[in-house]
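**Q**
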Amino acid sequence: MIKFLDLQKINAQFATELKEASQRVIDSGWYLLGAELATFERDYAEYCGAKNVIGVANGLDALRMILKGYIELDLIKKGDEIIVPANTYIASVLAITDNDLIPVFVEPNLKTYNLDSSKIEAAITKKTKAILTVHLYGQISIDQQMLDICAKHGLKLIEDAAQSHGAQWQDKISGAIGDAAGHSFYPGKNLGGLGDAGAITTNDEELATITKALGNYGSIKKYENIYQGLNSRLDEIQAAFLSVKLKHIKKDIAARRKVANYYLQNITNPSIVLPEVVHKDGHVWHLFVIRTENRDKLQKHLHEQGIQTLIHYPIPPHKQEAYSHYNHLRLPITERIHEEVLSLPISAVMTEIEIEKVVDAVNKYNG
Ligand SMILES: *Cc1c(COP(=O)(O)O)cnc(C)c1O
Numbered sequence: 001m002i003k004f005l006d007l008q009k010i011n012a013q014f015a016t017e018l019k020e021a022s023q024r025v026i027d028s029g030w031y032l033l034g035a036e037l038a039t040f041e042r043d044y045a046e047y048c049g050a051k052n053v054i055g056v057a058n059g060l061d062a063l064r065m066i067l068k069g070y071i072e073l074d075l076i077k078k079g080d081e082i083i084v085p086a087n088t089y090i091a092s093v094l095a096i097t098d099n100d101l102i103p104v105f106v107e108p109n110l111k112t113y114n115l116d117s118s119k120i121e122a123a124i125t126k127k128t129k130a131i132l133t134v135h136l137y138g139q140i141s142i143d144q145q146m147l148d149i150c151a152k153h154g155l156k157l158i159e160d161a162a163q164s165h166g167a168q169w170q171d172k173i174s175g176a177i178g179d180a181a182g183h184s185f186y187p188g189k190n191l192g193g194l195g196d197a198g199a200i201t202t203n204d205e206e207l208a209t210i211t212k213a214l215g216n217y218g219s220i221k222k223y224e225n226i227y228q229g230l231n232s233r234l235d236e237i238q239a240a241f242l243s244v245k246l247k248h249i250k251k252d253i254a255a256r257r258k259v260a261n262y263y264l265q266n267i268t269n270p271s272i273v274l275p276e277v278v279h280k281d282g283h284v285w286h287l288f289v290i291r292t293e294n295r296d297k298l299q300k301h302l303h304e305q306g307i308q309t310l311i312h313y314p315i316p317p318h319k320q321e322a323y324s325h326y327n328h329l330r331l332p333i334t335e336r337i338h339e340e341v342l343s344l345p346i347s348a349v350m351t352e353i354e355i356e357k358v359v360d361a362v363n364k365y366n367g
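Those letters in the sequence shown? Residues 1 to 367, per the numbering used here, in order.
1. Any chance the CB of serine 92 is under 7 Å from a heavy atom of ligand 1?
2. Does the distance from the C-beta atom of leucine 132 to that of isoleucine 82 stay below 8 Å?
3. Using alpha carbons as the reference points, say which of Ile149, Ile311, Met146, Leu246 lies closest to glycine 192.
4. For a minimum of 3 consecutive residues, which ranges assigned as the beta strand (DSSP E) are wholly contained in the region 50 to 112?
5. Counting beta carbon pairs with one atom in the region 291 to 309 and one in the region 330 to 350, are three or more of them shorter than 8 Å?
6. Measure the C-alpha to C-alpha separation of tyrosine 263 and valine 359 and round it to an integer number of angstroms.
7. Going by the DSSP bridge assignment, what does leucine 132 pair with across the sheet?
8. Just to check my reading of the structure: isoleucine 177 and isoleucine 140 have Cβ atoms closer than 8 Å, yes? What is that Cβ distance to the nearest angstrom?
9. Which stretch, first to last residue, makes up the beta strand (DSSP E) that contains serine 22?
10. Can you tell me where the beta strand (DSSP E) holding alanine 199 begins and where it ends?
11. Please list, in chain order, all residues of the same chain as tyrosine 44 whose beta carbon is under 7 Å from its beta carbon, the five residues on each side excluded.
12. Taking the beta strand (DSSP E) that serine 243 falls in, what are its first and last residues?
13. Below 6 Å CB to CB, which residues in the same chain sit around tyrosine 70 once its five sequence neighbours on both sides are set aside?
14. Measure how close the beta-carbons of serine 164 and glycine 138 come, nearest whole angstrom, since I'm counting them as under 8 Å.
15. Report all residues from its chain with a CB closer than 8 Å to the CB of glycine 229; omit the five preceding and five following residues, and keep chain order.
16. Between Leu344, Gln305, Leu302, His325, which lies nearest to histidine 312 when the distance is taken from Cα to Cα?
17. Kindly examine ligand 1 and report whether one of its heavy atoms sits closer than 7 Å to the Cβ of glycine 138.
18. DSSP has tryptophan 285 in a bridge; who is on the other side?
19. Alpha carbon to alpha carbon, how far is histidine 325 from proline 276? Give it in angstroms, no decimals.
20. Have a look at isoleucine 10 and methionine 350 and give me their C-alpha separation to the nearest angstrom.
21. For alanine 255, which residues of its own chain have a beta-carbon under 7 Å away from its beta-carbon, when the five flanking residues on both sides are left out?
22. Kindly identify the DSSP beta-bridge partner or partners of asparagine 216.
23. Do you know offhand how far serine 174's Cα is from lysine 127's?
24. Reducing DSSP to helix, strand and coil, say where leucine 33 ends up.
25. For asparagine 363, which three-state DSSP category applies?
26. For leucine 157, which residues from the same chain have a beta carbon less than 6 Å from its beta carbon, with the 5 sequence-adjacent residues on both sides left out?
27. Residues bridged to alanine 180 by DSSP?
28. Can we count leucine 60 as close to ligand 1, meaning its CB is less than 7 Å from some heavy atom?
29. Using alpha carbons as the reference points, say which of Tyr47, Gly59, Ala260, Ala86 lies closest to histidine 374.
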């Protein structure tokens, strides 16, 4: 079976360095908010080109805390509206509703799967305060039109950069394009820890100071609490692991691009719609997502050929039981995407034979 994502094989590449890193942390006697975190934050800031990196417990917290930070800064207030792509992982929406803010779902572009900038203005009201855009599958979702809309309407631009470590647009890297960004280092992400972890990046010093305090019980000085914060910290051991993984991310991205380019050039089955690349060389291919009318049949066919695939995602947030009050919304492009998408295996540890096998099996599919 060709696995969708072989995490064991991915981390085995770095086993010696990871073991050294964990040994260093065990021996240090210091497990939270220490030198490992400071090193990772500094290196990740440099990698993204962002002034500030605040390590947090996971990607959802990063997004929640950015919005909470803006609320503390009085730039956003409860009940305000945040524009969010309708096709995203539910975490983007949870970050909004968790802060008593209102998600306003905007349809994506069917070709790129990312937020359609031409549809944003129609969704803006007096209560709109921010756009939370998602760089889905590893491709930057920001364009000049989106930046112009934010400038014109005074909106904050927040990036959900959970899937886009290192993705590029013009001369900027994911996480340093908008006002603030939430990153996830969940094990399966392109820059993945060996457990949960996340980070906020921002060039806004005030937001950086507030979010850093929010993650540590709302405290800057021990036992003095300025905000009603939470506990969301990136452990020393995950920071040490992430520093190892960060050293190899360029190679990882290059290998993913090789797989993606092979798929793009060699999948010729007319019943398959391939993903559209807008920013040449900027896509980091967290996922390689194809579309077909009878997706379940394709998935079954590939399974029979020994290929594991996944669906990102089968149910859009507005159709989830958790959001029953949004279930009535009609978002046809989003709904179609959720019915038709299938993610093929992609990673830096796939062999050429495996990559060819995937292409052969997809091309043999009788749609
Ligand atoms: C993974 C992911 C998140 C959440 O990250 P966690 O670290 O799992 O909390 C948020 N948004 C998107 C688009 C994701 O893919």
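Beta carbons are placed, not taken as given, at the ideal position from N, Cα and C, and that holds for glycine.
**A** Let me lay it out:
1. The nearest non-hydrogen atom of ligand 1 is less than 7 Å from the C-beta of serine 92.
2. Yes, these two residues count as a Cβ contact at 8 Å.
3. Of Ile149, Ile311, Met146, Leu246, the residue nearest in Cα terms is Leu246.
4. As summarised for the region 50 to 112, the continuous beta strand (DSSP E) elements at least 3 residues long and confined to that stretch are 52 to 56, 81 to 85, 102 to 106, given in chain order.
5. Contact between the region 330 to 350 and the region 291 to 309 is present: 3 or more CB-CB pairs across the two stretches fall below 8 Å.
6. One C-alpha to the other measures close to 6 Å.
7. Leucine 132 is bridged to Ile158.
8. Indeed, because the Cβ distance is near 7 Å, the residues count as touching under 8 Å.
9. Counting along the chain, serine 22 falls outside any beta strand (DSSP E), though it belongs to the alpha helix (DSSP H) covering 15 to 28.
10. Note, alanine 199: beta strand (DSSP E), 198 to 202.
11. Its chain contains Val53, Ala199, Leu246 as the residues whose beta carbon lies nearer than 7 Å to that of tyrosine 44, once the 5 sequence neighbours on both sides are disregarded; these appear in chain order.
12. No beta strand (DSSP E) contains serine 243, which is instead part of the alpha helix (DSSP H) from 236 to 247.
13. Excluding the 5 residues flanking it on each side, tyrosine 70 has same chain C-beta neighbours closer than 6 Å at Ile76, in chain order.
14. The C-beta distance from serine 164 to glycine 138 rounds to 5 Å, short enough to meet the 8 Å contact threshold.
15. Here glycine 229 has Ala213, Leu214, Gly215, Asn216, Tyr217, Gly218, Ser219 as same chain residues with Cβ atoms under 8 Å from its own Cβ, once five neighbours each way along the sequence are excluded.
16. Out of Leu344, Gln305, Leu302, His325, Leu344 has the C-alpha closest to the C-alpha of histidine 312.
17. Short note on glycine 138: C-beta not closer than 7 Å to any heavy atom of ligand 1.
18. Paired residues: none, contrary to the question.
19. Before going further, note that residue 276 is glutamate rather than proline in the sequence given. One C-alpha to the other measures close to 33 Å.
20. Distance between the alpha carbons of isoleucine 10 and methionine 350 is about 9 Å.
21. Only Ala348 meet the Cβ criterion.
22. According to DSSP, asparagine 216 bridges with Asn231.
23. Rounded to the nearest whole angstrom, the C-alpha separation of serine 174 and lysine 127 is 27 Å.
24. Assignment of leucine 33 by DSSP, reduced to helix, strand and coil, places it in the coil class.
25. Under the three-state reduction of DSSP, asparagine 363 is assigned to helix.
26. Non-local C-beta neighbours of leucine 157 in its own chain, meaning closer than 6 Å and more than five positions away in sequence, comprise Ile131, Cys150, Gly178, Asp179, ordered along the chain.
27. DSSP lists Ile158, Thr202 as partners of alanine 180.
28. Indeed, a heavy atom of ligand 1 lies less than 7 Å from the Cβ.
29. Residue 374 lies beyond the residue range present for the chain, which begins at 1 and ends at 367; the question has no answer from this structure.
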